[in-house]
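Engineer:
Numbering (the numbering used here), first residue to last: 52 to 163.
1) Give me the DSSP bridge partner(s) of residue 68.
2) Give the straight-line distance between the Cα atoms of residue 95 and residue 105, rounded to the nearest whole angstrom.
3) So for residue 102, helix, strand or coil by DSSP?
4) Just the C-alpha distance for residue 113 and residue 56, rounded to the nearest angstrom, thanks.
5) Relative to the alpha-carbon of residue 107, which residue among 163, 135, 62 and 150 has its alpha-carbon at the smallest distance?
6) May I ask you to report which of helix, strand or coil DSSP gives residue 127?
7) Who are residue 132's beta bridge partners in DSSP?
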């Protein structure tokens, strides 16, 4: 594992957002959802493609708070421009489990 400095870590903008829309991303090569995540008034709503279909349904994602990187450059994924990276962990079967706060926090809050 490569060690990083504190300055490297502080440059990553990991923020809390709330999923406000989720739908199946039919054009994706791997099963995915298109998400719209609200990060509050400072950052606004960002789009993301997420391969989280193993444990979640679009309806079950609405209202869920998630942790996402909001300062990566936009990335073209098929016909969609992804504007943030929603974070998660692979489980033993390879499905992705979302990284979420265990208590509600204000939208846009930065991970410390």
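Ideal Cβ positions, reconstructed from N, Cα and C, are used throughout, including at glycine.
Note that this is a predicted model, so its numbers are computed, not measured.
Structural biologist: Straight from the coordinates:
1) The partner list for residue 68 (beta bridge, DSSP) reads 117.
2) 28 angstroms
3) coil
4) 36 angstroms
5) 150
6) strand
7) 127
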